[in-house]
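Below: one structure, written as structure tokens.
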């Protein structure tokens, strides 16, 4: 009898340890996949309304997962997973593929490039930075350059921050003709270079996390829902042009005509030196940020309540994005047709809108879990 008791106890302990081991390895594999996807997508140059390279990369990752895939006239990649209920409710999940960047506006006779800002760069960032331009002709290689500044050896007096309009990119070309041979012309787009780096604690550094992070989350949700379908139909919109006025999400929402929408974003983390607690919108490592209100939207109360409920039920740490900073695609989606209930869930990120953003992949994992839970429950509040 005693041997049976100990055998039973041993079996229970062994089973518990085995389950913990399996779960731990699943988390490790998810982290690896998230980092792999984020590195690949964030290193692609895809300035607002020039996102085709990003879209192609996403298409490869989701091949075979969806019931319908299309690219609309605005450049949105719209992907549908049908629900188990015929004519069931429709949820639109939105994340934008574009990033802030530069556009060539003038080429001097000796090959220097003057540029226009596309999206919300601040002029403080530019001097001395490395730039990458991607010719529209994809057979041509990317062109690297540096935004020149006057050497300190010949600089006198107080140095002021130069305006972007006065800065030139030196791509190493000796003439406008040589720049043209390399594929550089008026309208060519590019951005500041930011290398992707992994930290030992699961944090990562790189460019364009706004909003390739959201794209990575949508890809992961697609993988999960393809294996285990939700009740409602989920339409994923990998949106174009968010950084220049949420243009893609607006047209996509009109086409999709969802019953509800949720934007998945990258948002400002203010837990850094120089930012006071009352100014700090979110913190790294505290989980997904649920928006109550921002400059573009006061979120539907039912959506906020459901997100909080799901986070608590699934033991997902969460935080609020403090009002009223920023704006997202959700603000424009909410105004389409007769109005669409819309919300926002974001991953906190330090140094947003620069080539050196930093985030915690644990926040991405937790956001994936919360968004998946929402896709399976949103019909409850319609």
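Numbering (the numbering used here), first residue to last: 3 to 384. We treat Cβ as the ideally placed atom computed from N, Cα and C, and that holds for glycine. From a predicted model like this one, the values you see are computed outputs, not experimental measurements.
With 16 other CB atoms within 10 Å as the buried threshold, where does residue i fall?
{"i": "residue 144", "result": "exposed"}
{"i": "residue 202", "result": "exposed"}
{"i": "residue 186", "result": "buried"}
{"i": "residue 28", "result": "Residue placement at residue 28 is flagged as unreliable, the pLDDT there being 49, under the threshold of 50; a coordinate-derived value is accordingly withheld."}
{"i": "residue 364", "result": "buried"}
{"i": "residue 69", "result": "exposed"}
{"i": "residue 106", "result": "buried"}
{"i": "residue 189", "result": "exposed"}
{"i": "residue 367", "result": "buried"}
{"i": "residue 278", "result": "exposed"}
{"i": "residue 316", "result": "exposed"}
{"i": "residue 2", "result": "Limits of the chain in this structure are 3 at one end and 384 at the other, which puts residue 2 out of reach."}
{"i": "residue 420", "result": "Since the first residue of the chain shown is 3 and the last is 384, residue 420 is not available in this structure."}
On the three-state DSSP scale, how would you describe residue i?
{"i": "residue 318", "result": "coil"}
{"i": "residue 359", "result": "strand"}
{"i": "residue 48", "result": "coil"}
{"i": "residue 384", "result": "coil"}
{"i": "residue 119", "result": "strand"}
{"i": "residue 304", "result": "helix"}
{"i": "residue 202", "result": "coil"}
{"i": "residue 256", "result": "helix"}
{"i": "residue 216", "result": "helix"}
{"i": "residue 375", "result": "helix"}
{"i": "residue 338", "result": "coil"}
{"i": "residue 365", "result": "helix"}
Do residue j and residue i count as a contact pair if the criterion is CB distance below 9 Å?
{"i": "residue 181", "j": "residue 113", "result": "yes"}
{"i": "residue 43", "j": "residue 218", "result": "yes"}
{"i": "residue 348", "j": "residue 275", "result": "no"}
{"i": "residue 398", "j": "residue 245", "result": "Since the displayed the chain opens at 3 and closes at 384, residue 398 lies outside it and no answer follows."}
{"i": "residue 92", "j": "residue 331", "result": "no"}
{"i": "residue 216", "j": "residue 98", "result": "yes"}
{"i": "residue 111", "j": "residue 177", "result": "yes"}
{"i": "residue 36", "j": "residue 196", "result": "no"}
Out of the options, state which residue places its alpha-carbon closest to the alpha-carbon of residue i.
{"i": "residue 303", "options": "340, 274, 344", "result": "344"}
{"i": "residue 47", "options": "269, 188, 209, 358", "result": "209"}
{"i": "residue 307", "options": "40, 346, 63", "result": "346"}
{"i": "residue 323", "options": "283, 342, 301, 340", "result": "283"}
{"i": "residue 327", "options": "280, 340, 65", "result": "280"}
Report, in whole angstroms, the separation of the C-beta atoms of residue i and residue j, which I expect to be a contact under 8 Å.
{"i": "residue 351", "j": "residue 271", "result": "6 Å"}
{"i": "residue 134", "j": "residue 192", "result": "5 Å"}
{"i": "residue 243", "j": "residue 76", "result": "7 Å"}
{"i": "residue 80", "j": "residue 74", "result": "6 Å"}
{"i": "residue 226", "j": "residue 374", "result": "5 Å"}
{"i": "residue 296", "j": "residue 285", "result": "About 17 Å separates the two Cβ atoms, so there is no contact after all."}
{"i": "residue 83", "j": "residue 224", "result": "7 Å"}
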